[in-house]
Amino acid sequence: KAGVTQTPRYLIKTRGQQVTLSCSPISGHRSVSWYQQTPGQGLQFLFEYFSETQRNKGNFPGRFSGRQFSNSRSEMNVSTLELGDSALYLCASSPSRGSNTGELFFGEGSRLTVL
Amino acid sequence: QKEVEQNSGPLSVPEGAIASLNCTYSDRGSQSFFWYRQYSGKSPELIMFIYSNGDKEDGRFTAQLNKASQYVSLLIRDSQPSDSATYLCAVSKGAQKLVFGQGTRLTINP
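The listed protein sequences correspond, in order, to chains A and B.
Everything in the first sequence is counted per the working numbering, starting at 1 for the first residue and increasing by one.
Everything in the second sequence is counted per the working numbering, starting at 1 for the first residue and increasing by one.
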């Protein structure tokens with residue numbers, strides 16, 4: 001079974017630009033979550049989608065948005081990039097057998113550098 | 001105060017010994033707790049979850065939960081060099097939203 005696939009793996013942007021990251025979950029997984037990982041703040045929850053609906057949202061500004069498609073694939077977008085947005089963005093999918101399983105399968109991440 | 005706190009380490013343990021990793025959380029209403037392992041340059045992977053007070057064993061790993069003390073721990077018996085990684089404690093905040101601690105970097109010395 002293929003794992004969670006994230007694209008692109010690495011990207012460099014400049015301040016003020018926007019970026020779109022893509023995530024394909026494990027086949028059969030309907031829940032997709034996004035996390036930001038930085039050395040200073042650690043792993044922080046961005047949002048979660050289930051059946052194309054945002055089910056939960058973290059404490060990030062509105063510049064961070066996401067969506068999920070009918071095939072469970074997900075994208076996240078960051079607009080008006082700031083230097084502090086440089087991070088590893090991790091997508092995780094879950095079989096979501098229960099409401100609070102916390103059983104996340106992470107992709108390899110998209111490493112964003114903002115110059 | 002952070003919602004989930006871990007000693008960042010590094011924690012150094014000789015091969016074959018027991019590694020003990022600790023985590024405290026602030027929300028007394030928390031119900032579900034997780035331990036993820038992250039190797040350098042890799043993504044986190046789930047190794048244990050625990051919902052009830054007491055111990056839960058899986059192979060060389062034992063998770064311990066004490067809700068009264070708001071304390072979760074992970075014991076690794078017969079530590080191997082391949083156990084060297086960062087261990088992340090996480091608390092569920094509903095659905096698939098987890099709050100992670102900063103992680104404890106563990107090094108097993110041969």
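For glycine and all other residues, C-beta sits at the position ideal for the given N, C-alpha and C.
Quick check: the stretch 47-64 of chain A against the stretch 12-23 of chain B, are there 3 or more CB pairs under 8 Å? no
Selected residue, minimal CA-CA separation from Lys-42 of chain B, among A:Phe-45, A:Thr-113, A:Gly-66 and A:Leu-90: A:Leu-90
Just the Cα atoms here: how many angstroms apart are Thr-38 of chain A and Asp-85 of chain A? 9 Å
Extent of the continuous beta strand (DSSP E) run through Asn-66 of chain B: 61-66
Following the continuous beta strand (DSSP E) through Lys-13 of chain A, name the residue where it begins and the one where it ends. Secondary structure note for Lys-13 of chain A: its beta strand (DSSP E) is the uninterrupted segment 10-13.
Within the continuous beta strand (DSSP E) that includes Asn-56 of chain A, where are the two ends? 53-57
Under a CB-based cut-off of 7 Å, is Phe-61 of chain B close to chain A? no
Would you check if the stretch 101-112 of chain A and the stretch 2-20 of chain A touch, i.e. whether three or more CB-CB distances between them fall below 8 Å? yes
Look at Tyr-36 of chain B and Gln-70 of chain B and say whether their C-beta atoms are less than 7 Å apart. Contact flag unset, no.
Assuming Gln-36 of chain A and Cys-23 of chain A are in contact, meaning their beta carbons sit under 8 Å apart, how far apart are those beta carbons, in whole angstroms? The Cβ separation is near 13 Å, so there is no contact.
CB contact check: Ser-94 of chain A to chain B, cutoff 7 Å: yes
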